[in-house]
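Visitor:
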Amino acid sequence: MIALLPPFRPALPRLRRLATTTVVGLGVLMTGAVGAAPAHAAGDRPAEVVVRFKHNASAAERTRALRAVGVRTTFRGAGGSIVGRLRPGASATAAAGELRSRRPVAWVAPALRAYIAGFAPNDPGSTARAATAGGWSTRQWDFTGPFGIRAPEAWERARAAGGEGGRGVVVGVLDTGVAYADRGAFRRSPDLPAIRMIRGHDFVSGDDFPNDANGHGTFVAGEIAAAANNGYGMVGVAYASKILAVRVLDEYGEGSSYRVAQGIRYAVDHGARVLNVSIELSDGVRPVSLTSAPDIRAALQYARTKRVSVVAAAGNSAVTNIPARKYSSLSIQVGGSTEHGCVADYSNSGPGLDLVAPGGGSDSALAADTHCHPDGAAGRTIRQITFRKSNPRRFLVPDDYEGTSMAAPHVTGTIALLLAARTLGATPSPAAIDRRLKSSALDLGPPGTDRFYGAGLLDTAAALGAGPRAPVPPPS
């Protein structure tokens, strides 16, 4: 145990929701079991910094450094880092700047805000059941349409190789949780069979029950692994894969960068072979790349050394410098495309973008792209089974989910199919998977790789060995 600060008990406001932090001690830095963090009302959370001390730093040096910048309480972060919660009104940027100059500090950064990379619904959706058998194929344009991922052809390839539907592959979903089981007010999604749901961890509440209190994570899990041929709902890309639920965002779809880093390491250590992170970060003023947080970078590198691929949403702020090229090899960054084969108007773009996948919605205004018609009707959204936050017991197919959060799971599911089918061997490296996805993508926009489409539109069938599809001509 490392003594940090004299004991004190700050006055905490009445809880509005659970905090997205886990306390290891109040006034004391401990290395034992993780407990629940003190919560703060939205908009009233003290600033936080994430610090990694050098291995030879003494307890006294750590205490002096943290006290000098106004750290009041600490708790454990990911990969040996410490999260320091500052006194009210203190600046995380200023504290990090001062800590950076101190000898015992290896690195330090302000804790970044994390939030879902999708447009969260807030009004009633459509019915949960298709009117006729096989109706999913007309609703899931992202699987079967001209600018879909060619899922049916990919399924045939996977089945022929003995890896039907991604069977046996564990997929880690880092999100708002997943409707993985019946527990209290929560119900398991009827499209996510219990036998394929793995109870992971809730880094928001600090327990082992990562139920979804928002609906976003359940939607993402369905896009990856919703059951096929069960007479209900929709189909997932890797419809026979397993889902490991890891909750890192709260019921409002919000969280902190250090929870994302913890979730990545947890999923890797608990058997996941590919991770989906439909999350974007902000420094409180503007969106930033996922790799802006050093603890997330370290977690991504850890996943890579364990041969685990991480798929991340590029974000929905329509900025043109995210994702950045620096550290871009640590994850697969996915932008969103529309039903028309244009990059979506919300999708971030940048030199680190790897490829795009269906996210739905309206076209961007790219003058040189003949597939883009921003003044025309918007394309359809993405459809999957989930629930509204107000009623977690009632499942439906909402018609208002679009975003890079919806694009990323197409890529994640494709990787699960690749792994189950052993298309690239038994344990391909993340780099080999990345190359395969890019080399088989449908080139869109300017010829070759570009900042708006990356290598192009995900082609799941081509990734599994089917021939490339013919380019789709623009509308006349």
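Counting in our numbering, the sequence shown runs from 43 upward without gaps. Here a beta-carbon is modelled for each residue, glycine too, at the ideal position from N, C-alpha and C.
Could you tell me whether the stretch 151–161 touches the stretch 436–449, where touching means 3 or more Cβ pairs closer than 8 Å?
Guide: Segments in contact, yes.
Visitor: Excluding sequence positions up to five away, which residues of its chain have a Cβ less than 6 Å from the Cβ of V211?
Guide: Within the same chain, V211 has close Cβ partners S283, R315, A458, L461 and A462.
Visitor: Between V361 and N318, which are expected to be in contact by the criterion C-beta below 8 Å, what is the C-beta distance as a whole number of angstroms?
Guide: About 22 Å; that fails the 8 Å criterion.
Visitor: Write down the C-beta distance between R209 and I285 rounded to the nearest angstrom, noting that I regard them as a contact closer than 8 Å.
Guide: Not quite, the Cβ-Cβ distance comes to about 13 Å (not below 8 Å), so this is no contact.
Visitor: Assign R118 to buried or exposed, taking buried as 16 or more other Cβ atoms, counted over all protein chains shown, within 10 Å of its Cβ.
Guide: R118 is buried by the Cβ-count criterion.
Visitor: Pop quiz: S482 and A504 are said to be a contact at Cβ under 8 Å. What is the actual Cβ separation, rounded to whole angstroms?
Guide: With a Cβ gap of about 4 Å, S482 and A504 count as contacting.
Visitor: Can we say the stretch 185–195 touches the stretch 496–513, given the rule of at least three CB pairs closer than 8 Å?
Guide: Yes, the stretch 185–195 is in contact with the stretch 496–513.
Visitor: Return the first residue and the last residue of the alpha helix (DSSP H) that Y344 is part of.
Guide: Looking at the DSSP string, the run of the alpha helix (DSSP H) that includes Y344 is P336 to T347.
Visitor: What is the C-beta distance between R425 and R181, in whole angstroms, given that I count them as a contact (C-beta under 8 Å)?
Guide: Contact flag correct, Cβ pair sits at about 5 Å.
Visitor: Between the Cα of G131 and those of R114, N271 and L141, spot the shortest distance and give me the residue it belongs to.
Guide: The residue with the shortest Cα to Cα distance from G131 is R114.
Visitor: Taking the beta carbon of D244 as the centre, do at least 16 other beta carbons fall within 10 Å, making it buried, or is it exposed?
Guide: Buried, by the Cβ-count rule.
Visitor: With 16 other CB atoms within 10 Å as the buried threshold, where does H413 fall?
Guide: So H413 ends up on the buried side.
Visitor: Identify the residues that DSSP records as bridge partners of Y157: which are they?
Guide: For Y157, which the question treats as bridged, DSSP gives the partners E296 and E322.
Visitor: Can you tell me which of T186, K96, R155 and I124 puts its alpha carbon nearest to the alpha carbon of S143?
Guide: Of the listed residues, the one whose Cα sits closest to S143 is K96.
Visitor: According to DSSP, simplified to helix, strand and coil, what is A83?
Guide: Unreliable placement is indicated for A83, whose pLDDT of 41 sits below 50; the coordinate value is still reported in the next sentence. Three-state DSSP puts A83 in coil, outside helix and strand.
Visitor: Within the same chain, show all residues whose beta-carbon is closer than 6 Å to that of S351, passing over the 5 residues directly before and after it, in chain order.
Guide: Closer than 6 Å at Cβ, skipping near neighbours: V316, I457, P472 and I475.
Visitor: Can you tell me the Cα-Cα spacing of A269 and A512, whole angstroms?
Guide: Cα-Cα distance, rounded: 30 Å.
Visitor: What's the C-alpha gap between T260 and G214?
Guide: About 12 Å.
Visitor: With DSSP as the reference, label N358 as helix, strand or coil.
Guide: Coil, per DSSP.
Visitor: Determine, using beta carbons only, whether V150 and V92 come nearer to each other than 8 Å.
Guide: For V150 and V92, yes; Cβs fall inside 8 Å.
Visitor: Mind listing, in chain order, the continuous alpha helix (DSSP H) runs of no fewer than 4 residues lying wholly within the stretch 110–148?
Guide: Correct list: 134–142.
Visitor: Just grab the DSSP bridge partners of N433 for me.
Guide: According to DSSP, N433 bridges with R430.
Visitor: Report the three-state DSSP secondary structure of Q182 (helix, strand or coil).
Guide: Coil at Q182, not helix or strand.
Visitor: Assuming L397 is part of the beta strand (DSSP E), what are its boundary residues?
Guide: Run containing L397: L397 to P400, per the beta strand (DSSP E) assignment.
Visitor: So what's P488 in DSSP terms, helix, strand or just coil?
Guide: Residue state, collapsed to three classes: coil.
Visitor: So the alpha helix (DSSP H) F95 belongs to, where does it begin and stop?
Guide: Looking at the DSSP string, F95 is not in any alpha helix (DSSP H); the run it does join, the beta strand (DSSP E), is E90 to F95.
Visitor: What residue range is occupied by the uninterrupted alpha helix (DSSP H) comprising V262?
Guide: Start and end: H258 to A267.
Visitor: Nearest to L395 by CA position, among G313, L479 and K348, is which residue?
Guide: Of the listed residues, the one whose Cα sits closest to L395 is L479.
Visitor: Can you grab the Cα-Cα spacing for the pair G401 / T105, in whole Å?
Guide: The alpha-carbon atoms of G401 and T105 are separated by roughly 47 Å.
Visitor: Is R241 helix, strand or coil when you go by DSSP?
Guide: Looking at R241 - three-state DSSP - the assignment turns out to be strand.
Visitor: Given S370, which residues of its chain have a CB within under 6 Å of its CB, disregarding the five upstream and five downstream residues?
Guide: Counting only Cβ-Cβ distances below 6 Å, and skipping sequence neighbours, we find G394.
Visitor: Applying the 10 Å Cβ sphere with the 16-neighbour rule, what's the burial state of N271?
Guide: Exposed is the call here.
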